[in-house]
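Inspection log for the structure reproduced underneath, given as structure tokens.
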Amino acid sequence: MTNIDFEKIVDTSNEWITSRTGIKERHIANADMTTADMAVQAAMRAMEMARCEKEEIDLVICGTVTPDYRLPSNACLIQERLGLTNAVAFDVVAACTGFIKGLVIANSHIETGLHKKALIIGVEKLSAVTNYKDRTTCVLFGDGAGAVVVEPSTNGCGMISSFMKSDGRLWQLLWMKVGGVKNPYTTDFDYNGSDKIYMNGADVFKVAVKEMANAVEVVLEKAGVASSDIALFVPHQANLRIIDALAKRLKIEPERVFKNIERYGNTSAASVPIALDEANREGKIKPGDYVVVVAFGGGLIWGAALIKW
Ligand code: COA
Numbered sequence: 000m001t002n003i004d005f006e007k008i009v010d011t012s013n014e015w016i017t018s019r020t021g022i023k024e025r026h027i028a029n030a031d032m033t034t035a036d037m038a039v040q041a042a043m044r045a046m047e048m049a050r051c052e053k054e055e056i057d058l059v060i061c062g063t064v065t066p067d068y069r070l071p072s073n074a075c076l077i078q079e080r081l082g083l084t085n086a087v088a089f090d091v092v093a094a095c096t097g098f099i100k101g102l103v104i105a106n107s108h109i110e111t112g113l114h115k116k117a118l119i120i121g122v123e124k125l126s127a128v129t130n131y132k133d134r135t136t137c138v139l140f141g142d143g144a145g146a147v148v149v150e151p152s153t154n155g156c157g158m159i160s161s162f163m164k165s166d167g168r169l170w171q172l173l174w175m176k177v178g179g180v181k182n183p184y185t186t187d188f189d190y191n192g193s194d195k196i197y198m199n200g201a202d203v204f205k206v207a208v209k210e211m212a213n214a215v216e217v218v219l220e221k222a223g224v225a226s227s228d229i230a231l232f233v234p235h236q237a238n239l240r241i242i243d244a245l246a247k248r249l250k251i252e253p254e255r256v257f258k259n260i261e262r263y264g265n266t267s268a269a270s271v272p273i274a275l276d277e278a279n280r281e282g283k284i285k286p287g288d289y290v291v292v293v294a295f296g297g298g299l300i301w302g303a304a305l306i307k308w
């Protein structure tokens, strides 16, 4: 769905969207395609790339805020569809930070020897919870999925350090009012968008830049690695201006920052794994490189990880 398509449904312009967000188009899943459908495709490709047999996977973590059902977890649906019968599967609800949080959990399970091979997926069908009458949010979001397989390393590669934090006092900056137990759906109510994503974009913007910069500084400091040592910086793709402001604060030149927001918009938990996969397939990451991933989302919650590839 392009910016021009949005000009036909809300009072906006290609020029406004491009200059304020960096987004030119985003992918919208077909009505009959669910979050689990997208997740399964991404998971299959990750397992294929990792040359991994389904019997080997013993942990499945899915980061999403748009699961197929309230119960069970999306991870259990993925487990069933892929026949991952030796795994334990569960979801992580950490909005745009869901994938990184899943990666951090998987890393600690592997470090402690609890699990040996984990599949982590970030997936969202945000089009299902986007208010297409609200121009301040609808132009931002897209659908997508990304996945990785992780296992113990013997050569010092892997997750070197991580940092996660949230500030629950700010939960109403980005939320969906209706659909949970507090405000359940009823048949005789005009929701007027209250069952879709609400966001105070300007306030989220300010916290995002400050806290993501801090999270990256913490993971670098913990590992004793300088920002000049980062080969590739892979931030959550929410807004080009956020990415640029973040990179400037961290003194990371544009050549070392991965961006694909122009083509996908903000895909929440899927944004970092999609970006990581594209960077990897484009040959932008080599073995031994330091890669930093960082994300920020509704909660508010944010986190970063330093990975030696
Ligand atoms: N088209 C045209 N005009 C728009 C518009 C759109 N799609 N969306 C908002 N506007 C208007 C506003 O109504 C406002 O008009 P006004 O001055 O007459 O009131 C004006 O543009 C400026 O709005 P503002 O909200 O200050 O714009 P902004 O520069 O902060 O950009 C966001 C808005 C949403 C793009 C930006 O705040 C943002 O990206 N925030 C963070 C969002 C995010 O990353 N969220 C996810 C975290 S995971």
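Just so you know, the sequence shown maps onto residues 0 to 308 in numbering that gives the first Met the number 0. We treat Cβ as the ideally placed atom computed from N, Cα and C, and that holds for glycine. As the structure is a computational prediction, the values presented were derived from the model and not from experiment.
Local Cβ density within 10 Å of V180, reported as buried at 16 or more and exposed below that = exposed
Cβ-heavy atom distance, I241 to the ligand COA, below 7 angstroms | yes
With 16 other Cβ atoms within 10 Å as the buried cut-off, status of I8 = exposed
Please work out which residues of its chain come closer than 6 angstroms, Cβ to Cβ, to S165, disregarding the five sequence neighbours upstream and downstream, and give them in chain order.
-> G298 and I300
Does DSSP put G287 in a helix, a strand or coil?
-> coil
Nonlocal neighbours in the same chain, by C-beta distance under 6 angstroms from A246, ignoring five residues either side = V256
Rounded to whole angstroms, how far is the Cβ of I251 from the Cβ of S226, which I believe are closer than 8 angstroms?
-> 6 angstroms
Over what stretch of residues does the alpha helix (DSSP H) that includes E6 continue unbroken?
-> N2 to E6
Select from A86, V122, C95 and A94 the residue whose C-alpha is nearest the C-alpha of A105.
-> A86
Residues of its chain near C51, where Cβ-Cβ distance is below 6 angstroms and the 5 sequence neighbours each way are ignored = V148
Reduced DSSP secondary structure (H/G/I, E/B, other) of M37 = helix
So, S160 versus A28, is the Cβ gap smaller than 8 angstroms?
-> no
Just the C-alpha distance for V291 and K132, rounded to the nearest angstrom, thanks.
-> 36 angstroms
In chain order, which continuous runs of the alpha helix (DSSP H) of length 4 or greater are located wholly inside the segment 105-177?
-> 134-137
Between which two residues does the beta strand (DSSP E) carrying C61 extend?
-> L58 to G62
Collapsed DSSP secondary structure at A42 in the structure displayed = helix
C-beta contact flag for K283 and C156 at 8 angstroms | no
A207 by DSSP, collapsed to three states: which one?
-> helix
What residues are listed by DSSP as bridge partners for F232?
-> V256 and V291
Compare the beta carbon distance of S193 and V177 with 8 angstroms and say whether it is the shorter of the two.
-> yes
Tell me where the beta strand (DSSP E) around K307 begins and ends.
-> I300 to K307
Buried versus exposed, by CB contacts within 10 Å (16 or more), N73 = buried
Check whether the Cβ of F257 sits closer than 7 angstroms to any heavy atom of the ligand COA, and report yes or no.
-> no
Relative to the alpha-carbon of D31, which residue among G223, D67, A294 and G112 has its alpha-carbon at the smallest distance?
-> D67
Could you have a look at A201 and say whether DSSP puts it in helix, strand or coil?
-> helix
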